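Undergrad: Here the protein sequences line up with chains A, B and C, keeping their order. Take the first sequence: its position 136, counted from the start at 1, is 136 in the working numbering, and no numbers get skipped. Take the second sequence: its position 173, counted from the start at 1, is 516 in the working numbering, and no numbers get skipped. Take the third sequence: its position 49, counted from the start at 1, is 677 in the working numbering, and no numbers get skipped. Every residue, glycine too, gets a C-beta built ideally from N, C-alpha and C. Please read all numbers here as calculations on a predicted model, not as lab measurements. Can you read through this structure? Questions will come right after.
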Amino acid sequence: MKLSALAAVVLLAATGAVQAQEKVVVYNWSEYIPEGVLDEFTRETGIKVEYSTYENNEVMYSKLKLQKGKGYDIVVPSTYLVSLMREEGLLHEIDHGKLGNIGNLSADLMDKSYDPGNRYSIPYLWGSTGIGINAKEIDPATITGWADLWDPKWQGKLLLTDDVREVFHMALKKNGFSTNTTDPEEIRAAYEDLRELMPNVLVFNADAPREPFLAGVVNLGMIWSGEVIMAQEENPDIMYIYPSEGAGFWVDSFAIPAGAENVDNAHRFIDYMMRPDVAAKAVEELGYSTPNRTAKELLSDEIRNNPVIFPSAESIRAGEFQQDLGDAMEMYNGYWEKLKTGS
Amino acid sequence: MQFRRLSILLTLFWLGLFVLVPHLLVVLTSVMTPDSEHLAVWPVSGESWSRLWEPIYLEVFWHSLWLSGITTLICLLVGYPFAFILARLPSLWRGVLLFLMIVPFWTNSLIRTYAIKLILGNKGLVNSLLVGLGIVDEPVQLLYTEFAVIFGLVYVLLPFMVLPLVSGFDKLDQTLLEAARDLGAGFWQRFRLIILPLTMPGVIAGSLIVFLPAMGMFYVADLLGGAKNLLLGNIIKNQFLVVRNWPFGAAFSVALILIMALMMWLYFIANRRINRQGGLHDESL
Amino acid sequence: MKAFKRGFVILVFAYLYLPILLLVINSFNVSKYGHEWRGFSLKWYEKLAGNEALMQAFTNSLLIATLAATAATVIGTLMALAIYRYRFPLRRTASGLLFVVMLSPDIVLAITFLVIFIALGIQLGFWSLLIAHITFCLPFVVVTVFAQLNGFDRNLLEAAQDLGASESRIFLLIILPLILPAVIAGWLLSFTLSLDDVIISSFVTGPGFEILPIRVFSMVKVGVSPEVNVLATLLLAISLVLVTLSTLLLRRKKPQ
Numbered sequence: 001m002k003l004s005a006l007a008a009v010v011l012l013a014a015t016g017a018v019q020a021q022e023k024v025v026v027y028n029w030s031e032y033i034p035e036g037v038l039d040e041f042t043r044e045t046g047i048k049v050e051y052s053t054y055e056n057n058e059v060m061y062s063k064l065k066l067q068k069g070k071g072y073d074i075v076v077p078s079t080y081l082v083s084l085m086r087e088e089g090l091l092h093e094i095d096h097g098k099l100g101n102i103g104n105l106s107a108d109l110m111d112k113s114y115d116p117g118n119r120y121s122i123p124y125l126w127g128s129t130g131i132g133i134n135a136k137e138i139d140p141a142t143i144t145g146w147a148d149l150w151d152p153k154w155q156g157k158l159l160l161t162d163d164v165r166e167v168f169h170m171a172l173k174k175n176g177f178s179t180n181t182t183d184p185e186e187i188r189a190a191y192e193d194l195r196e197l198m199p200n201v202l203v204f205n206a207d208a209p210r211e212p213f214l215a216g217v218v219n220l221g222m223i224w225s226g227e228v229i230m231a232q233e234e235n236p237d238i239m240y241i242y243p244s245e246g247a248g249f250w251v252d253s254f255a256i257p258a259g260a261e262n263v264d265n266a267h268r269f270i271d272y273m274m275r276p277d278v279a280a281k282a283v284e285e286l287g288y289s290t291p292n293r294t295a296k297e298l299l300s301d302e303i304r305n306n307p308v309i310f311p312s313a314e315s316i317r318a319g320e321f322q323q324d325l326g327d328a329m330e331m332y333n334g335y336w337e338k339l340k341t342g343s
Numbered sequence: 344m345q346f347r348r349l350s351i352l353l354t355l356f357w358l359g360l361f362v363l364v365p366h367l368l369v370v371l372t373s374v375m376t377p378d379s380e381h382l383a384v385w386p387v388s389g390e391s392w393s394r395l396w397e398p399i400y401l402e403v404f405w406h407s408l409w410l411s412g413i414t415t416l417i418c419l420l421v422g423y424p425f426a427f428i429l430a431r432l433p434s435l436w437r438g439v440l441l442f443l444m445i446v447p448f449w450t451n452s453l454i455r456t457y458a459i460k461l462i463l464g465n466k467g468l469v470n471s472l473l474v475g476l477g478i479v480d481e482p483v484q485l486l487y488t489e490f491a492v493i494f495g496l497v498y499v500l501l502p503f504m505v506l507p508l509v510s511g512f513d514k515l516d517q518t519l520l521e522a523a524r525d526l527g528a529g530f531w532q533r534f535r536l537i538i539l540p541l542t543m544p545g546v547i548a549g550s551l552i553v554f555l556p557a558m559g560m561f562y563v564a565d566l567l568g569g570a571k572n573l574l575l576g577n578i579i580k581n582q583f584l585v586v587r588n589w590p591f592g593a594a595f596s597v598a599l600i601l602i603m604a605l606m607m608w609l610y611f612i613a614n615r616r617i618n619r620q621g622g623l624h625d626e627s628l
Numbered sequence: 629m630k631a632f633k634r635g636f637v638i639l640v641f642a643y644l645y646l647p648i649l650l651l652v653i654n655s656f657n658v659s660k661y662g663h664e665w666r667g668f669s670l671k672w673y674e675k676l677a678g679n680e681a682l683m684q685a686f687t688n689s690l691l692i693a694t695l696a697a698t699a700a701t702v703i704g705t706l707m708a709l710a711i712y713r714y715r716f717p718l719r720r721t722a723s724g725l726l727f728v729v730m731l732s733p734d735i736v737l738a739i740t741f742l743v744i745f746i747a748l749g750i751q752l753g754f755w756s757l758l759i760a761h762i763t764f765c766l767p768f769v770v771v772t773v774f775a776q777l778n779g780f781d782r783n784l785l786e787a788a789q790d791l792g793a794s795e796s797r798i799f800l801l802i803i804l805p806l807i808l809p810a811v812i813a814g815w816l817l818s819f820t821l822s823l824d825d826v827i828i829s830s831f832v833t834g835p836g837f838e839i840l841p842i843r844v845f846s847m848v849k850v851g852v853s854p855e856v857n858v859l860a861t862l863l864l865a866i867s868l869v870l871v872t873l874s875t876l877l878l879r880r881k882k883p884q
């Protein structure tokens with residue numbers, strides 16, 4: 001009897017000891033944090049990072065809802081999801097007082113309509129979705145916009161990202177509509193257009209669209225800007241083209257779920273990520289753009305002047321940022337399923 | 344008395360709570376109304392079930408059935424002769440080859456699927472051979488096609504077919520065959536009248552063990568097929584995690600379970616009929 | 629004819645093993661891409677060992693696999709025994725349910741687990757993962773143990789009962805030692821199944837408890853990665869060991 005009591009005490013103490021270590025549970029997009037950053041963070045602050053990844057916003061949102069906003073301390077939603085989650089009360093308010101580095105961020109990307117005052121999100125990286133091309137196999141001068149992808153000579157040769165909003169963005173922009181339209185007629189027209197595109201598609205990829213390019217399986221398709229930068233390290237022939245009808249722009253921000261248990265540690269994590277050297281590393285390694293002014297100063301001229309990473313004002317004007325569509329998503333999802341069942 | 348009661352209660356409790364009740368809950372969910380906030384609410388609604396019959400979903404059912412069917416057929420066509428040859432080898436060789444066949448079965452199926460990308464890619468093994476030998480000028484598009492998906496499914500499931508088949512051949516009584524040969528029966532006669540009927544239980548068991556999992560292995564199709572075609576598994580996952588229409592996802596799951604149940608029922612009937620014809624009785628199930 | 633047979637068998641094995649062998653070879657390849665051999669190197673193994681997140685996921689998987697296999701073996705053995713030996717109401721239902729679990733596609737099982745955990749209010753995480761793993765391993769343990777129980781000499785058991793031995797003594801002293809090979813084989817099988825599972829785990833696991841197959845899945849989708857090659861080689865080595873063990877064990881039961 002005494003032995004088991006002793007064992008119970010020891011066990012309890014052991015589990016207690018394990019839990020005593022500070023931690024922060026981070027849920028992020030796959031391949032979206034520079035190597036070594038997490039280890040550095042732990043070394044400097046003593047906070048252990050429990051890290052897991054997701055491949056699209058919807059999965060993250062669903063998991064969070066299933067767990068009633070508990071379990072994760074940091075998530076990284078895109079703009080439209082920030083506004084949705086904010087309205088549903090799934091996010092914890094962010095205390096700017098705890099973020100010493102917040103002054104590093106450029107005002108251009110702060111205080112936007114999807115989160116006035118940035119009370120619930122802090123921008124991390126932003127980028128665009130455009131056309132990827134292997135310049136050695138295909139002459140880049142021949143491709144200027146989304147419409148070019150519909151050419152029948154690309155039958156069975158295209159890659160598209162596996163994201164309903166981005167694929168529809170292509171067709172909507174091609175028809176001159178807004179990427180945030182909720183008009184059933186416009187959406188249906190885009191769907192009809194996409195149906196004709198399907199025979200051209202070889203593969204959908206949402207994890208690493210650069211992979212099929214690098215493997216030589218595709219030479220043309222839709223891709224995220226950062227993926228091209230990462231691909232160029234291994235094959236400099238891979239290029240990025242801003243389509244004339246307008247690329248899709250998005251911002252991914254740090255947010256703290258309402259039920260987070262380690263709110264202070266989450267704040268420290270966000271603050272750490274806003275350090276100029278850390279943010280600069282993100283740009284260098286992942287190829288996306290940063291809202292962090294001080295980080296931009298640390299980057300080489302080559303990177304600063306690279307239009308893929310830092311698009312020109314013109315490209316931004318031609319493009320469009322994604323916003324929440326509310327109930328209209330049902331229409332999009334319905335058409336998406338139709339497209340994906342080959343009917 | 345205590346021990347007996349404990350084991351019975353444990354059995355009923357665990358299976359009841361973690362198998363029976365969950366399945367019933369899924370059936371229940373399938374007749375509820377979808378709701379974006381609470382996932383599934385009352386009142387009862389036949390909405391999800393009626394949607395199943397929409398052409399695009401029937402198309403998905405048909406496609407999944409077709410893929411699983413072809414996979415099972417190919418596994419059978421390759422596995423049967425293989426088991427046949429294996430069964431007649433001397434014991435040592437049989438043991439070794441069987442061992443070699445089981446090892447892949449025990450290796451992570453994801454990794455094995457990934458390995459196929461190396462073989463079928465444009466710069467992969469097959470294409471390098473074809474181009475190198477001059478059979479084709481340019482690499483053939485093998486990856487991200489239906490062919491790649493079937494190739495992958497067969498690759499993962501072949502051992503599942505071979506093992507029951509070998510077991511079936513094991514139980515084949517050699518003396519019967521010898522007697523037949525003595526009586527002057529030719530190879531094909533022996534095959535048709537003795538071997539085939541007696542190994543039929545193994546064939547059916549193997550087919551079931553390949554067909555049913557194949558219906559659910561949508562990740563093979565995603566990895567090798569280019570994620571272009573939604574299969575049953577994709578739809579269910581999508582409905583639960585992305586679209587968050589739980590009743591509809593549940594209805595799909597129940598439909599899948601019903602198809603499975605149908606297959607199993609056919610299995611039992613076929614088995615019983617064979618036994619009545621005097622075939623071998625497979626006791627292990 | 630004989631050459632044809634031999635050729636056929638070799639072809640089948642080539643089909644099964646070539647892809648895996650390529651992976652193994654490439655795990656030692658200096659070049660990142662594996663399209664050409666550039667020299668022998670162990671650097672990818674070092675890189676893997678240094679990848680803390682991956683190592684953490686690996687340890688988590690081993691932990692779950694061990695716990696789940698052990699629990700499934702204990703529970704499953706008792707279940708096999710109950711079904712074989714005792715008459716009780718719903719006995720047929722019990723074996724039916726086990727059959728259902730064994731043949732259900734993973735996605736369907738994943739949904740049923742998700743639903744019950746939500747209904748019971750069990751937070752998704754370590755415990756939900758463990759319960760799910762135990763449950764899907766159970767039928768395989770039961771079938772393996774049951775098959776061995778089937779060849780049992782009932783006279784032994786009747787004799788013991790006549791002599792007044794209690795059920796638990798009969799189990800511990802007579803039955804268990806004789807079915808031990810099957811029990812261990814069941815453990816090995818459960819361990820493998822648990823390590824392999826992707827779909828069910830991705831549905832029922834929670835934050836902060838990442839397991840290996842899920843990480844492998846994301847890595848595999850990202851594409852050619854030398855770390856996956858190393859992982860493949862290691863997992864293959866583990867399976868080789870497990871299969872050898874289990875074959876040797878089940879061999880021993882034959883001379884009875």
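Per DSSP, which one or two residues make a beta bridge with E320/A?
TA: Against the first sequence, residue 320/A aligns to sequence position 320. Bridge partners of E320/A: G248/A.
Undergrad: When the Cα of G668/B is compared with those of V469/B, G549/B and V479/B, which residue comes out closest?
TA: The question about residue 668/B has no answer here: the residues shown for chain B are numbered 344 through 628.
Undergrad: Identify whether L496/B lies in helix, strand or coil by the three-state DSSP scheme.
TA: Locating residue 496/B in the second sequence gives position 153, where the first residue counts as 1. Correct three-state label for L496/B: helix.
Undergrad: Any residues in the region 562 to 579 of chain B with a beta carbon nearer than 7 Å to a beta carbon of chain A? Which ones, in chain order?
TA: If the cut-off is 7 Å between Cβ atoms, the region 562 to 579 of chain B has G569, A570, K571, N572 and L573 near chain A.
Undergrad: What does a CB cutoff of less than 7 Å around Q884/C pick up in its chain, not counting 5 residues either side in sequence?
TA: Stepping through the third sequence from its first residue, residue 884/C is reached at position 256. Note that Q884/C scores 39 on pLDDT, short of 50, meaning its location in the model is unreliable; the coordinates nonetheless yield the value given after this. Excluding residues within five positions, none has a Cβ falling inside 7 Å.
Undergrad: Over what stretch of residues does the beta strand (DSSP E) that includes K48/A continue unbroken?
TA: As a position in the first sequence, residue 48/A is number 48, starting the count at 1. Residues K48 to Y54.
Undergrad: Of all the CB atoms in chain B, is at least one closer than 7 Å to the CB of L202/A?
TA: Position 202 of the first sequence holds residue 202/A. For L202/A, the answer is yes, since a Cβ of chain B falls inside 7 Å of its Cβ.
Undergrad: May I have the straight-line CA-CA distance separating L349/B from E35/A, to the nearest angstrom?
TA: Here the question's residue 349/B lines up with position 6 in the second sequence. Here the question's residue 35/A lines up with position 35 in the first sequence. Answer to the nearest angstrom: the Cα atoms are 52 Å apart.
Undergrad: Figure out for me which residue from I33/A, N28/A and G46/A has the closest Cα to the Cα of E22/A.
TA: What you label residue 22/A is simply residue 22 of the first sequence in a count that begins at 1. If we check each option's Cα against that of E22/A, G46/A comes out closest.
Undergrad: Going by the DSSP bridge assignment, what does N134/A pair with across the sheet?
TA: Start at 1 with the first residue of the first sequence, and residue 134/A comes out as number 134. N134/A pairs with I238/A.
Undergrad: Would you say L584/B faces chain A, with C-beta separation under 7 Å as the test?
TA: Position 241 of the second sequence holds residue 584/B. Answer yes: the Cβ-Cβ gap between L584/B and chain A drops below 7 Å somewhere.
Undergrad: When you compare each of Q776/C, Q751/C and L676/C to T705/C by their alpha carbons, which one comes out closest?
TA: For this step, residue 705/C is matched to residue 77 along the third sequence. Out of Q776/C, Q751/C and L676/C, Q776/C has the C-alpha closest to the C-alpha of T705/C.
Undergrad: Can you tell me whether D513/B is buried or exposed, with buried defined as 16 or more other CB within 10 angstroms of its CB?
TA: On the second sequence, position 170 is the one that residue 513/B refers to. Exposed, by the Cβ-count rule.
Undergrad: Given L752/C, which residues of its chain have a CB within under 7 Å of its CB, disregarding the five upstream and five downstream residues?
TA: Looking up residue 752/C in the third sequence gives position 124. Taken in chain order, the residues that qualify are F745, V832, T833 and G834.
Undergrad: In or out: A107/A buried (at least 16 other Cβ within 10 Å) or exposed?
TA: Taking the first sequence and counting its residues from 1, the one referred to as residue 107/A is at position 107. Classification for A107/A: exposed.
Undergrad: Please report the straight-line C-alpha distance between R293/A and R304/A, rounded to a whole angstrom.
TA: By one-based count along the first sequence, residue 293/A stands at place 293. By one-based count along the first sequence, residue 304/A stands at place 304. Taking the straight line from one Cα to the other gives about 11 Å.
Undergrad: Should V652/C and T820/C be called a contact, given that it needs their Cβ atoms to be closer than 7 Å?
TA: For the purposes of this step, residue 652/C is taken as residue 24 along the third sequence, with counting starting at 1. For the purposes of this step, residue 820/C is taken as residue 192 along the third sequence, with counting starting at 1. For V652/C and T820/C, no; Cβs fall outside 7 Å.
Undergrad: Taking A426/B as the reference, which of F494/B, P386/B and L508/B has the closest Cα?
TA: As a position in the second sequence, residue 426/B is number 83, starting the count at 1. Of the listed residues, the one whose Cα sits closest to A426/B is L508/B.
Undergrad: Could you say which of V728/C, S874/C, L646/C and V637/C lies nearest to F764/C if we only look at CA atoms?
TA: Sequence index remark: in the third sequence, residue 764/C carries index 136 (1-based). Comparing Cα-Cα distances from F764/C to each of V728/C, S874/C, L646/C and V637/C, the minimum goes to V728/C.
Undergrad: So K466/B contacts chain A; which residues on that side make the cut at Cβ distance below 8 Å?
TA: The residue given as residue 466/B occupies position 123 in the second sequence. Result: A215 and G216.
Undergrad: Does the beta-carbon distance from G336/B to F561/B come in below 7 Å?
TA: Given that chain B is displayed from residue 344 to residue 628, the structure contains no residue 336/B and the question cannot be resolved.
Undergrad: Alpha carbon to alpha carbon, how far is A613/B from I417/B?
TA: Residue 613/B sits at position 270 when you count from the first residue of the second sequence. Residue 417/B sits at position 74 when you count from the first residue of the second sequence. So the two alpha carbons sit approximately 21 Å from each other.
Undergrad: Between which residues of its own chain and S818/C is the CB-CB distance below 7 Å, once the five residues before and five after are set aside?
TA: Translated into the one-based positions of the third sequence, residue 818/C becomes position 190. A696, A697, A700, T701, C765, F768 and V769, listed in sequence order.
Undergrad: Compare the C-alpha of L573/B against each of M504/B, D516/B, A604/B and V492/B and name the closest.
TA: As a first step, residue 573/B is located in the second sequence; it is residue number 230 there, counting from the start. Per the Cα distances, V492/B.
Undergrad: Which stretch, first to last residue, makes up the beta strand (DSSP E) that contains F204/A?
TA: If you number the first sequence from 1, residue 204/A lands on position 204. Looking at the DSSP string, the run of the beta strand (DSSP E) that includes F204/A is V201 to N205.
Undergrad: If you draw a straight line from the C-alpha of R533/B to the C-alpha of I445/B, how long is it?
TA: The residue you call residue 533/B lines up with position 190 of the second sequence. The residue you call residue 445/B lines up with position 102 of the second sequence. So the two alpha carbons sit approximately 30 Å from each other.
Undergrad: Express the C-alpha separation of K98/A and R268/A in angstroms, rounding to a whole number.
TA: Taking the first residue of the first sequence as position 1, residue 268/A is located at position 268. Taking the first residue of the first sequence as position 1, residue 98/A is located at position 98. So the alpha carbons of these two residues sit roughly 8 Å apart.
Undergrad: In chain C, which residues lie with their C-beta within 8 Å of the C-beta of D151/A?
TA: Walking along the first sequence from the start, residue 151/A turns up at place 151. Within chain C, no residue comes near D151/A; the closest Cβ sits about 27 Å away, beyond 8 Å.
Undergrad: Within 10 Å of its beta-carbon, does T721/C have 16 or more other beta-carbons around it, so buried, or fewer, so exposed?
TA: As a working note, residue 721/C is residue 93 in the third sequence. Label assigned to T721/C: exposed.
Undergrad: Can you list, in chain order, the residues of its chain with a C-beta nearer than 7 Å to that of D115/A? Leave out the 5 residues immediately preceding and following it.
TA: As a first step, residue 115/A is located in the first sequence; it is residue number 115 there, counting from the start. V82, S83, R86 and S121.
Undergrad: Kindly list the residues whose CB is nearer than 6 Å to the CB of I223/A, restricted to its own chain and excluding five residues on each side of it in sequence; keep chain order.
TA: If you number the first sequence from 1, residue 223/A lands on position 223. Excluding positions up to five away in sequence, the list reads G132 and P209.
Undergrad: In the region 723 to 735 of chain C, which residues sit with their C-beta less than 8 Å from some C-beta in chain B, listed in chain order?
TA: Correct list: L725, L726, F727, V728, V729, L731, S732, P733, D734 and I735.
Undergrad: Report yes or no: is there a C-beta of chain C within less than 7 Å of the C-beta of V263/A?
TA: Residue numbering aside, residue 263/A sits at position 263 when the first sequence is read from its first letter. Answer no: the Cβ-Cβ gap between V263/A and chain C never drops below 7 Å.
Undergrad: Starting from K161/A, follow the beta strand (DSSP E) in both directions and report where the run begins and ends.
TA: Mapped onto the first sequence, residue 161/A falls at position 161. According to the sequence displayed, residue 161/A carries Thr and not Lys. Start and end: L158 to T161.
Undergrad: Mind pulling the chain B residues with CB within less than 7 Å of K173/A?
TA: Working through the first sequence from its first residue, we reach residue 173/A at position 173. Residues of chain B passing the Cβ test: none, with the nearest at roughly 22 Å.
Undergrad: Here's a check: name, in chain order, each residue in its chain whose Cβ is nearer than 8 Å to the Cβ of N219/A, leaving out the five neighbours to either side.
TA: Along the first sequence, read from residue 1 onward, the residue named residue 219/A stands at position 219. Taken in chain order, the residues that qualify are I133, N134, E137, I138, K157 and F213.
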